[in-house]
Each structure stands twice: as C-alpha cells, then as structure tokens.
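Comments concern the structure below.
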Amino acid sequence: MKRSAATPEAGGVGRSVFSALRPLGRTHLIPVAVMLILGAVALVLPLLLSGYWIRVFTTIFMFAALAQSVNVIAGFAGYADFGNILYFGLGAYVSGFAMQHGLPAPAAIALGSLFGATVALTIGRPILRLRGHYFAIATIGMLEGTRELVTNLDFLGGGSGLNLPIVDLPPREFSGLMYYLMLATAAAISITALLVRRSSLGLGLRAIKGDEQAATVMGINATRYKTAAWALAAAGSGLVGGVYGLWRGFIEPGVAFDAVTGTQYFMMMLLGGPGTIVGPILGAFGLGLLDVLVWGQWQSGHLAILGGLIMATVIFLPDGFVNVLRRRTLPRPRRWSR
Amino acid sequence: MSIQVLINGLLLGGIYSAVGVGFSLTWGVLNIINIAHGALVMLGAYSTYFLFARVGLDPFVSIPITAVILFVFGYAIQRLLINRVISSGVFMTLVFTFGLSLFIVDMALVLFSGDYRSVTTSYAGAGLVLWDAVISYQRAGAFVISIFAVFALQLYLDRTRMGRAIRATALNRDAARLVGVDVAHIYAVTFGLGAALAGVAGALLSTLVTVTPVMGNVFIGKSFVIATLGGLGTVQGALVGGLVLGIVESFGAGLLGSSYQQIIGFAILLVVLIVRPQGLLGKAFSAENQS
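First to last, the sequence lines map onto chains A and B. Going by the working numbering, the first residue of the first sequence is number 121, and it counts up by one from there. Going by the working numbering, the first residue of the second sequence is number -5, and it counts up by one from there.
Right, here's the structure in full:
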C-alpha cells in the first residue's frame, strides 16, 4: 500500500484507492480547520438568513461545486476544459427530461451525472489527444455546437426551454432544502476531489501536468488517467446541473450552456488556486460574493467590471490565491539549477 | 440556384478570411488565443459607423482610418497589459482576453447603447447580374478588399524587415532576442496588426449586417474554425479556412436550414481537430512549441 501511494503504476487507476484514505498530515491542519469551520457555519446559516441570502449562498455553493469539478481535469491534469459547462447543461437537460417523464428526482439527477460521464468517456480518447490551446478550443467547439443543437431540438423545448415538474413544498422549506442539497453536492464533489488527489490517480495526473511525455515514460497510461479525470469532472458538473434544474424548475439552452458562466467558475478555480482543494471553494466564495455586491451596485456595466476584475486577477494573481499564501508560509522547495 | 449559393458562400468566405487571419496571426506568433478578437471586429464596425454617420465618410474610404485606430488600440493593449501576463502561460492569457472581451463589449453597450445601427450607402441595393446569379456591388467590394488585406499581410510578413522579425519571433523567441529583435515591441506590433485586420473586417461587415455591441461574439467561434481549418498561424491557412467555411455554411444552410449554420462550423472544427490538427495545409510556423 505504501509503495503504490508513492509510485503510480501503469493501469493502476483504481488499485490504490485505499491509500487515499491515509490520515492527513500536519500541513493540512489549516485548510482542514478552515473547511470545518466554514462547513459548520454553512449548516446553521439558513436559520439566520433571509430568502434572498439563502438564494445567494445556494448559488455560491453551486459555483464551488462546479469550480471543484473542473479542477479535477484542469487543475490536477492541466487540461483547460474551457467548455466544461457542457456537462452542467447535459446533466440539467437529461435529468430534467427524465423527471418530466416520471422518474423520481434522485434517480433522474444521478442519470444526468452518469450521462455526462459517459459522454466524456466516449469522446475522451480522440479529444484528449489534443493539447494546450487545441484541447481548450475543442471543448469550446463541443459546447457551442451542443448549445445550438439543443436549441434546435423540439422534444427538449428548443430555444424556449424546458419546464420541470414542480416540487410540492412551501417556498421557504423548498429553498432551505435546495440550500442543503447544493451544500451537500459541493461537499461530496470536494471530498471526491480530495480522495482523487491523494490516490495514485491524482499522483499520475500531477505527473501528466508536469510533463506528459516524462509521465508516459515512467509507465503512466496517460490516456486512461486523463479520461478518468475528465469523466469525474463531467460527472461532477452533470450532478450540479441536475440539482440546478430541480432548484430552478426551468432550463433553457442559453443559460444551461452559457460560456460566460462556464468561464466564471473556471476563473474561480484559477483565482483560488488550481490543483488545490481549498482553492476553488475560496475562489467561488470570493468571486461569488464580489459578484453579488457589484451586481447590486451597478446594474449596467456589470460585465465590464467583471471583465476588469478578471484582467486584474490574471495580472496580479497568476498562480491563484492559495498558492500565493502557500509560497509565503512554506519554505520554497529547492529547485534544480537552471 | 446553386451558382448563387456558391457565389454567396465565396463572398462571405472572403470576409471570414479577413476575420480569421488576424486571429490566426496572434495565435501563431504570440501563442495567444484572442477571445477579444470578436470585440475588436465590433469596434471596427462602430468606427466605420461613426465616421459614416457623423463625418459622412464612405465605409470603403474610411477603412484605412479604422485600421490605424484599431492598430494603435491593439498595440497599446499588448504593450501595457498582455505583455505582463504572457509569461504566465497559455490559459492565463486565454482567460485574460476573455475578460478583455467582456470589458470591451459591455463598455460599448454603456457608451454606444444597444441600439441597432446600420451603414446604408446610396449603392446598397445595386448589383451585377451574371447569368442567373446576382452579385451585390457591396458584397463584391467587401470580398475584394478582404482578399487584398490578406495578401497585403502576406507581403508584409514576407518582404519587410519588421515582417521577418515577426516570423523569427514566432519560430524561436529566444533566438530572435539574441540577434537583437525587440520582442516586446514585436509582440505589440503583431497584436496591433491582428487588431487592425479585425477592424478592417468589422468595417466591411458594417455594410452588410446590423451594427450592435454584441455583433462580434459570433465571430469568436468562427475565428477558431477558420484558423484551425486551414492551418494555424499562416496567412494562406486563414484564407483557405475562411473560404471553405463560407462555402460550406452557405450550402449547409441551404440543405439543413439556417438555424443549423453554426453547428456545421463547429462540427467541421471538431472533425479537423481530431483527424488533422495541423490543418488542411499542413504544419506551419507557430509559437505553440515554445514553452
């Protein structure tokens, strides 16, 4: 077990899952404490807040869950899945369509998530051969093409959208339920990401991010590792999409497959710290709350401010917030002379 | 009928080439995917509109002015902003230009308002009848100028000192620096050229479509298709890519209905990326291989 945790082997994606469960080290003390406190606060928050703020926080949890999902392929493996919101939209539509046809909500949402993962597994082999910009562009192309396609499909409501069955609950209780459901989704995806990061799959992905050719030489089956990571990211985003559909009760192509929203949570992941677990969550809270404040202050020019913010982030925090903190607090690893 | 479709596709494809060539140049030389390219096309269209509506300049006459305005704008953006972040990697610059695009488009919405505007010349409806096909003078003029702009860029890159410096920087940035090329300046000039070409394309488009702040967004996706289709970073690649996309879209819209026009482009993009990522014309010079 010790050996497999240290050296990822060819085809060993699932073999050392248990090694991911080894206890966390001392360096994890601060992040774990932060997460536990945030989680405890999140649990009691609905008792104190108005309906508006419950909605705001549900949205932020949604973004945290999405940022964490895309983190698995973009942060861990270094493949910029710019069109990741494709799986959010697919999850929302598949689960929405299933609910419309009488499937109970939990099964429908699971189906949406599974569908996203299946799509990623199927197209993973040809698409993940592409690197750098080409991969990013292929994902954007898939997103845009799918949005146009769904807009033209009448059985999914076309451009006018899809109405989901209404959940029979009083509004206050319904929004509370959705709050906890989205919180649980974000927590589940984050814990999965943590386990992946600590497994041999996570190690392999880090090796691929560092130097894919070298990783292959070391015996890592890069295609299999990347496809697994992409499928996990797709399953996560698909899950969030299903929960979103249940929450809003209505989905339309322009929102479910919105490239701006997709870039927004990609930004949260980058801003917080790609490849870390705490980073995407902090990024979602930071940018999400900022977004609410800006949106409340300036109705017009809101996107210009968001754009300016994105540019400023890239200029001043190119490595992400968490990585800047880490560099300040931990001694720098010794580098080979160059 | 089919001759008319072919001609329409070809004329449209010419403008697509002009849109795509600037995008392809920025990508090939700087290794930047410029999401703001569509926003620059939009600025070119507004520049033409204001010169037409306020000053009374013909849209074809004001093209050089628009090109210069956009060149200066592009040069400044690269020199002051993007040069700072270009070393932090391809995704950061991609995200950066996305933010830039949001900023420009939303500022245009605030400053110019969302009103639909159009550049209507006195010769707008006139055209040449050839057999059973009609060629509008305006579309033909836009096509000729697009092709001219593309060839002018090719000549500039091939024949001038600055063009050689740009090609050298694309091939190997560090070696170019060693032989005395001012890389920061070259980067800014290249981005400026890309912006100027976007401006020319926007000026030509303003005579054909409605001018709005969001008019450029559709060209972001198309630019990907055009640049990837022909072969990244080459002028000929963008020319071929634009013409092919124009013709295929034109025929595809006739066969499947115009609502599927976008999907056709993205379907081609995916097939080309999977089957032939180096583009139809083969491997070209590009900054992709440099870290």
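Cβ atoms here follow ideal geometry from the backbone N, Cα and C, with glycine treated the same way.
Look at Phe260(B): its C-beta is under 8 Å from a C-beta on chain A. The CB of Gly322(A) never comes closer than 9 Å to any CB in chain B; the least such distance is about 20 Å.
Among the bridge pairs identified by DSSP, Phe370(A) is matched with Asn283(A). A Cβ-Cβ distance of about 19 Å is found for the pair Leu303(A) and Ala153(A), leaving them out of contact under the 8 Å criterion. Inclusion of Gly210(B) and Tyr10(B) in the CB contact set at 8 Å is not warranted, their separation being larger than that value. For Ala127(B), the three-state secondary structure derived from DSSP is strand. Between Glu264(A) and Gly215(B) a beta carbon distance of about 5 Å is seen, short of the 8 Å cut, so the two are scored as contacting. Beta-carbon to beta-carbon, Thr20(B) and Val113(B) are separated by about 26 Å, too far to satisfy the 8 Å threshold.
Close CB contacts of Arg251(A) within its chain, under the 7 Å cut and outside five residues either way in sequence, are absent. According to the DSSP assignment, Gln(-2)(B) belongs to the alpha helix (DSSP H) that extends over Ser(-4) to Leu24. DSSP lists Arg111(B) as the beta-bridge partner residues of Val205(B). For His148(A), there is no enclosing alpha helix (DSSP H), as DSSP gives it neither H nor E.
Per the coordinates, the alpha-carbon of Glu243(B) lies some 11 Å from the alpha-carbon of Phe260(B). The beta carbons of Gly232(A) and Ser215(A) sit closer together than 8 Å. Residues of chain B whose Cβ lies closer than 8 Å to the Cβ of Ile401(A) do not exist, since the nearest Cβ in that chain is about 19 Å away. Taking 8 Å as the CB threshold, Phe218(B) lines the interface with chain A. Scanning its chain for C-beta atoms nearer than 7 Å, with the 5 sequence neighbours on each side dropped, one finds around Ile241(B) the residues Leu0, Gly3, Leu4 and Gly7, in chain order. Per the Cβ contact rule, the region 47 to 58 of chain B is not in contact with the region 166 to 180 of chain B (fewer than 3 Cβ pairs under 8 Å). Contact between the region 405 to 412 of chain A and the region 356 to 368 of chain A is absent: fewer than three C-beta pairs spanning the two stretches fall below 8 Å. Put simply, the CB of Leu426(A) is near chain B, with a gap under 8 Å to one of its CB atoms.
Residues of the region 169 to 192 of chain B whose Cβ lies closer than 7 Å to any Cβ of chain A: none. Here Gly209(A) is buried, its C-beta having at least 16 other C-beta atoms within 10 Å.
Inclusion of Ala192(B) and Val35(B) in the CB contact set at 8 Å is warranted, their separation being smaller than that value. In the DSSP annotation of this structure, the continuous segment of the alpha helix (DSSP H) that includes Met388(A) starts and ends at Ala379 to Gly392. Cβ atoms of Phe218(B) and Leu24(B) stay farther apart than 8 Å, at about 16 Å.
It is roughly 5 Å from the alpha-carbon of Ser200(B) to the alpha-carbon of Ala39(B). Asn204(A) has a beta carbon lying at 8 Å or more from every beta carbon in chain B.
If you compare the alpha carbons of Tyr299(A), Val316(A) and Ala306(A) with that of Arg368(A), the shortest gap goes to Tyr299(A). Taking the C-beta atoms as reference points, Arg111(B) is found no nearer than 8 Å to Leu202(B).
The region 184 to 199 of chain A makes contact with the region 380 to 396 of chain A, as at least three CB pairs between them are under 8 Å.
Closest option to Ile59(B), judged by alpha-carbon separation, among Gly248(B), Ala189(B) and Val89(B): Ala189(B).
Within the region 290 to 328 of chain A, the alpha helix (DSSP H) runs of at least 4 residues that lie entirely inside it are, in chain order, 291 to 318. Below the 9 Å Cβ cutoff, chain A contributes no neighbours of Tyr40(B), its closest Cβ being approximately 16 Å away. Counting along the chain, Met156(B) sits inside the alpha helix (DSSP H) bounded by residues Arg155 to Leu165. At the C-beta level, Leu284(A) and Tyr213(A) stay beyond 8 Å of one another. At least 8 Å separates the beta-carbon of Ala240(A) from that of Ala379(A).
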